[in-house]
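In our numbering, the protein residues as written are 103 to 167. Every residue gets a Cβ at the ideal spot worked out from N, C-alpha and C, and that includes glycine.
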Amino acid sequence: MGLLVERTIFRTGEASLAVTLPIAWARHEGLRPGNKVEIIINDDLVIRAKARVKNRDKEKMSIHK
């Protein structure tokens with residue numbers, strides 16, 4: 103899924119900042135409130151749907167059995 107969006111960062115407390123996720127991406131990844139995402143920080147920042155990654159691993163495992 104290709105998607106380019108601009109988001110505004112907002113403060114959620116004294117020591118935290120937050121950004122909302124695009125609903126189209128969240129739906130595509132099957133995310134619901136309470137699900138976890140992985141945040142990978144190198145030169146760029148990547149947000150990956152953790153639930154979807156686990157499902158892919160299960161699919162790979164079932165194919166190789």
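Is it buried or exposed, residue i, if we count other Cβ atoms within 10 angstroms and call 16 or more buried?
i    : result
A117 : exposed
A120 : exposed
E140 : exposed
E131 : buried
Does the distance from the CB of residue i to the CB of residue j come in under 7 Å?
i    : j    : result
R151 : L133 : Correcting the residue identity first, residue 151 is Ala in this sequence and not Arg. In contact: A151 and L133 (Cβ atoms closer than 7 Å).
L147 : W127 : no
Give the DSSP bridge partners of residue i, in chain order.
i    : result
V139 : A151
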